[in-house]
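Student: First the structure, which I've put down as structure tokens, then a few questions once you've had a look.
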Amino acid sequence: NCMAKYFLHDSMRAVDYLCKRKEVDPRKIGVTGNSGGGLQTAMMMICDDRIAAAAPGTFIMNRRTNLYATVHQDNEQLWPKMSKEGFDHEDVLLMMAPKPVLILSVKYDFFPIEGTRQTAERTKRFWELYGRADCLELFEEQSKHCYTRNMARKAAEFFSLHLSGRKITPRDDEIEEIEPRLLWCTKSGQVKGEIEGARGVHEENADTLGLLEKQRKSLPDGDLKDRAYKWLKKTVFADRRPCETNMRLTGDFMMLDFRIHDILWWAQEGIFNHAIIFTGEDYTTVKKLFTIAVWDGGTENIRLHLDWLRKECGLGRSVVVLDVTGTGAGKPNPAGGNDPLDFCGIIEKLAYDLFWLGDSLAAMRTYDVIKSADMLQEWYGAQKGDIRFYAYGRYGVYAQLAVFLDDRIDDIEVVDGMGSYAEWVGARHYNHYDINSVILPEVLKYFDLPDLERWTAENKQKS
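Numbering (my numbering), first residue to last: 268 to 730.
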């Protein structure tokens with residue numbers, strides 16, 4: 268489920284209510300809002316034909332310029348796959364043509380003003396074609412992200428002109444904020460506990476989860492497995508740009524009782540992955556039995572796993588501690604002083620941008636794991652059966668997904684993993700830290716992690 272649909276539903280129900288009021292002309296309803304309110308205004312512009320005029324504030328831009336911004340958007344502003352489908356903010360405006368639209372913007376916003384200007388410029392000709400060029404306006408304020416008094420005055424002029432036919436300019440002392448409590452539709456400002464049958468998003472998600480589980484269980488296991496494999500392969504490999512790995516050996520030295528190779532290679536065009544290969548100190552070359560270790564933080568957290576590393580190397584194996592995209596040596600610098608992995612951090616923005624493109628960090632990093640096996644095969648001569656996975660922590664899910672797709676590997680050890688997507692989705696409370704790194708959109712339509720564990724065990728038995 269997408270949060271945006273709940274916001275849109277609530278907004279449209281508000282218009283339903285207004286249309287029933289005797290003092291309201293249903294032909295003259297306008298909508299405006301700032302930031303998240305600008306988003307809701309945009310959604311109403313797209314979906315509700317009853318809106319006669321709109322003034323979205325500090326939201327309209329375009330996706331291309333937003334990619335260069337350092338701030339992620341809120342969950343309700345995330346419309347999965349919309350960029351992949353070619354949808355942009357121009358389309359938001361065009362859905363209103365030739366109705367009156369006032370774009371309210373500020374010059375010092377984290378929503379890039381250059382994107383706002385480009386979108387307004389590219390769409391104005393459609394109003395001109397209707398002979399209503401004066402019905403699309405762009406107002407820019409010298410301000411940071413907020414709905415200023417000047418914007419409120421401009422909005423009042425805009426709505427009074429286009430909805431009543433008479434432009435009214437309020438005096439500065441007439442512009443004041445309304446106490447939020449006066450706008451409440453219930454005593455507490457909440458619906459749960461006051462309106463019988465009121466439900467939250469968690470309850471909706473729980474119902475959807477139950478429906479998806481029922482649909483999966485209705486299929487024979489073989490059909491479910493085949494369908495899951497086809498979907499996951501398409502999801503992980505779609506739109507990747509394969510290239511030669513061109514591995515670089517950037518270090519070869521002894522440390523902490525290990526012989527260490529530090530390496531880089533191209534996972535796909537334009538994207539490096541990194542790993543440190545550990546072997547026992549008595550080995551002068553990398554052993555050709557490999558364990559690819561996938562855990563939270565990659566090479567950044569090696570010291571937390573030293574005992575396991577010594578044990579695994581003692582079995583005569585080389586251990587490849589993998590940095591998937593955005594981890595370890597490839598971890599991005601923080602933006603705005605935030606922890607890159609925390610809420611509003613740069614990794615969350617990367618994840619959200621990928622969702623817009625119909626992709627995800629989970630799919631991208633699963634591809635990284637598969638390409639690490641390609642690298643070992645190409646540069647170290649690893650063959651089928653020479654590689655196993657060690658999946659530890661939440662990031663271990665990438666290895667669990669990869670082993671299902673890669674028939675070269677049939678051995679995986681999972682330690683302290685996620686366990687189940689369904690358990691996480693069904694929980695009312697959970698740890699949201701770095702959560703977008705493991706979200707795989709639509710996965711529960713096809714399988715859950717216990718299904719993968721069962722199918723992986725079956726594959727191992729057959730081999």
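Yeah, the Cβ is synthetic: ideal placement off N, Cα and C, and Gly gets one too.
(1) Helix, strand or coil: which one does DSSP assign to Ile445?
(2) Between Arg317, Ile318 and Met349, which lies nearest to Asn329 when the distance is taken from Cα to Cα?
(3) Assuming Pro323 is part of the beta strand (DSSP E), what are its boundary residues?
(4) Since Leu476 and Leu711 are thought to touch, with beta carbons under 8 Å apart, how far apart are those beta carbons, to the nearest angstrom?
(5) Roughly how many whole angstroms lie between the Cα atoms of Gly460 and Ser278?
(6) Excluding the five sequence neighbours on either side, which residues of its own chain have a C-beta within less than 7 Å of the C-beta of Lys651, listed in chain order?
(7) What three-state label does DSSP hand Phe610 in the structure shown?
(8) Could you give the residue range of the alpha helix (DSSP H) that holds Ile702?
(9) Whose C-alpha, out of Ile538, Leu582 and Val587, is nearest the C-alpha of Trp562?
(10) For Gly731, name the three-state secondary structure that DSSP assigns.
(11) Beta-carbon separation of Ala322 and Ala387 under 7 Å?
(12) Please name the residue in Asp506, Ala534, Asn540 and Thr546 whose C-alpha comes closest to that of Phe525.
(13) Which two residues bound the contiguous alpha helix (DSSP H) that contains Met631?
(14) Closer than 7 Å by C-beta to Gln340: which residues in its own chain qualify, once you throw out the five before and the five after it? Chain order, please.
(15) Pull up the CB-CB distance for Ile679 and Ala689, whole angstroms please, since I reckon it's below 8 Å.
(16) Am I right that Leu479 and Phe714 are in contact with their C-beta atoms under 8 Å? What's the rounded C-beta distance?
(17) Alpha carbon to alpha carbon, what distance is there between Ile442 and Arg389?
(18) Roughly how many angstroms lie between the CA atoms of Cys413 and Lys501, to the nearest whole one?
(19) Just to check my reading of the structure: Gly603 and Thr337 have Cβ atoms closer than 8 Å, yes? What is that Cβ distance to the nearest angstrom?
(20) Taking the CB atoms as reference points, tell me whether Ile654 and Phe539 lie closer together than 7 Å.
(21) Taking Cβ to Cβ, would you say Trp498 is nearer than 7 Å to Met514?
(22) According to the neighbour-count rule (16 or more other Cβ atoms, all chains shown, within 10 Å of its Cβ), is Leu523 buried or exposed?
(23) Ignoring anything shorter than 3 residues, give me the beta strand (DSSP E) runs that lie fully in the stretch 359-410, in order along the chain.
(24) Taking 7 Å as the threshold (beta carbon to beta carbon), is Ser427 in contact with chain D?
(25) Residues in the same chain with beta-carbon distance under 6 Å from Ala419, minus the five sequence neighbours each way, listed in chain order, please.
(26) Out of Asp316, Ala320 and Val468, state which residue places its alpha-carbon closest to the alpha-carbon of Met270.
(27) What separation, rounded to the nearest whole angstrom, lies between the Cα atoms of Asn568 and Gly660?
(28) Would you tell me roughly how many angstroms separate the C-alpha atoms of Lys729 and Lys554, rounded to the nearest one?
(29) Taking the C-alpha atoms as reference points, what is the distance between Ile559 and Asn605?
(30) Within the same chain, show all residues whose beta-carbon is closer than 7 Å to that of Pro708, passing over the 5 residues directly before and after it, in chain order.
(31) Are Ala400 and Gly693 touching if we call contact CB-CB under 7 Å?
(32) Taking the beta strand (DSSP E) that Glu709 belongs to, which residues open and close that run?
Tutor: So, to answer that:
(1) Taking the first residue of the sequence shown as position 1, residue 445 is located at position 178. Of the three classes helix, strand and coil, the one that applies to Ile445 here is coil, per DSSP.
(2) Mapped onto the sequence shown, residue 329 falls at position 62. For the residues Arg317, Ile318 and Met349, the minimum Cα distance to Asn329 belongs to Met349.
(3) To locate residue 323, count along the sequence shown from 1; it is residue 56. Note, Pro323: beta strand (DSSP E), Ile318 to Gly324.
(4) Reading the sequence shown from its first residue, position 209 is the one you call residue 476. Reading the sequence shown from its first residue, position 444 is the one you call residue 711. Going by Cβ atoms, the distance from Leu476 to Leu711 rounds to 7 Å, so yes, they are a contact pair.
(5) Translated into the one-based positions of the sequence shown, residue 460 becomes position 193. Translated into the one-based positions of the sequence shown, residue 278 becomes position 11. So the alpha carbons of these two residues sit roughly 21 Å apart.
(6) Taking the first residue of the sequence shown as position 1, residue 651 is located at position 384. Only Arg675 meet the Cβ criterion.
(7) Within the sequence shown, the letter at position 343 stands for residue 610. Three-state result, Phe610: coil.
(8) Numbered from 1 along the sequence shown, position 435 holds the residue referred to as residue 702. Unbroken run through Ile702: none, as it is neither H nor E.
(9) Sequence index remark: in the sequence shown, residue 562 carries index 295 (1-based). Measuring from the Cα of Trp562, the nearest candidate turns out to be Val587.
(10) Outside the modelled stretch of the chain, which goes from 268 to 730, sits residue 731, for which no answer is possible.
(11) In the sequence shown, the residue the question calls residue 322 occupies position 55. In the sequence shown, the residue the question calls residue 387 occupies position 120. It is not a contact, given that the beta carbons lie outside the stated cut-off.
(12) Reading the sequence shown from its first residue, position 258 is the one you call residue 525. Here the closest residue by C-alpha is Thr546.
(13) As a working mapping, residue 631 is identified with position 364 in the sequence shown. Unbroken alpha helix (DSSP H) run through Met631: Leu628 to Tyr647.
(14) One-based indexing of the sequence shown puts residue 340 at position 73. Taken in chain order, the residues that qualify are Tyr619.
(15) By 1-based counting over the sequence shown, the position of residue 679 is 412. By 1-based counting over the sequence shown, the position of residue 689 is 422. Not really, about 20 Å apart at Cβ, beyond 8 Å.
(16) Here the question's residue 479 lines up with position 212 in the sequence shown. Here the question's residue 714 lines up with position 447 in the sequence shown. Wrong, their Cβ atoms sit about 10 Å apart, outside the cutoff.
(17) For this step, residue 389 is matched to residue 122 along the sequence shown. For this step, residue 442 is matched to residue 175 along the sequence shown. Their backbone Cα atoms lie some 33 Å apart in a straight line.
(18) The residue given as residue 413 occupies position 146 in the sequence shown. The residue given as residue 501 occupies position 234 in the sequence shown. For Cys413 and Lys501, the distance between alpha carbons rounds to 42 Å.
(19) The count along the sequence shown starts at 1 and reaches residue 603 at position 336. The count along the sequence shown starts at 1 and reaches residue 337 at position 70. With 8 Å as the limit, Gly603 and Thr337 qualify as a contact, their Cβ atoms being about 6 Å apart.
(20) The sequence position of residue 654 within the sequence shown is 387, counting from 1. The sequence position of residue 539 within the sequence shown is 272, counting from 1. Cβ distance not < 7 Å, so Ile654 and Phe539 don't count as in contact.
(21) Numbered from 1 along the sequence shown, position 231 holds the residue referred to as residue 498. Numbered from 1 along the sequence shown, position 247 holds the residue referred to as residue 514. No, Cβ-Cβ distance for Trp498 and Met514 is not below 7 Å.
(22) Residue 523 sits at position 256 when you count from the first residue of the sequence shown. Counting Cβ neighbours within 10 Å, Leu523 comes out exposed, since fewer than 16 surround it.
(23) 368-373 and 403-408
(24) Looking for chain D here will not work: only one protein chain is present.
(25) Within the sequence shown, numbered from 1, the residue matching residue 419 stands at position 152. Correct list, in chain order: Ile442.
(26) Along the sequence shown, one-based indexing puts residue 270 at 3. For the residues Asp316, Ala320 and Val468, the minimum Cα distance to Met270 belongs to Val468.
(27) On the sequence shown, position 301 is the one that residue 568 refers to. On the sequence shown, position 393 is the one that residue 660 refers to. Distance between the alpha carbons of Asn568 and Gly660 is about 12 Å.
(28) For the purposes of this step, residue 729 is identified with residue 462 of the sequence shown, where counting begins at 1. For the purposes of this step, residue 554 is identified with residue 287 of the sequence shown, where counting begins at 1. If you take the alpha carbons of Lys729 and Lys554, they lie about 26 Å apart.
(29) As a working mapping, residue 559 is identified with position 292 in the sequence shown. As a working mapping, residue 605 is identified with position 338 in the sequence shown. Taking the straight line joining both Cα atoms gives about 30 Å.
(30) Stepping through the sequence shown from its first residue, residue 708 is reached at position 441. For Pro708, where only same-chain residues beyond five positions count, the Cβ hits under 7 Å are Pro347, Phe622 and Ser627.
(31) Against the sequence shown, residue 400 aligns to sequence position 133. Against the sequence shown, residue 693 aligns to sequence position 426. No, they are not a contact pair.
(32) As a working note, residue 709 is residue 442 in the sequence shown. From DSSP, Glu709 is part of no beta strand (DSSP E); its letter is neither H nor E.
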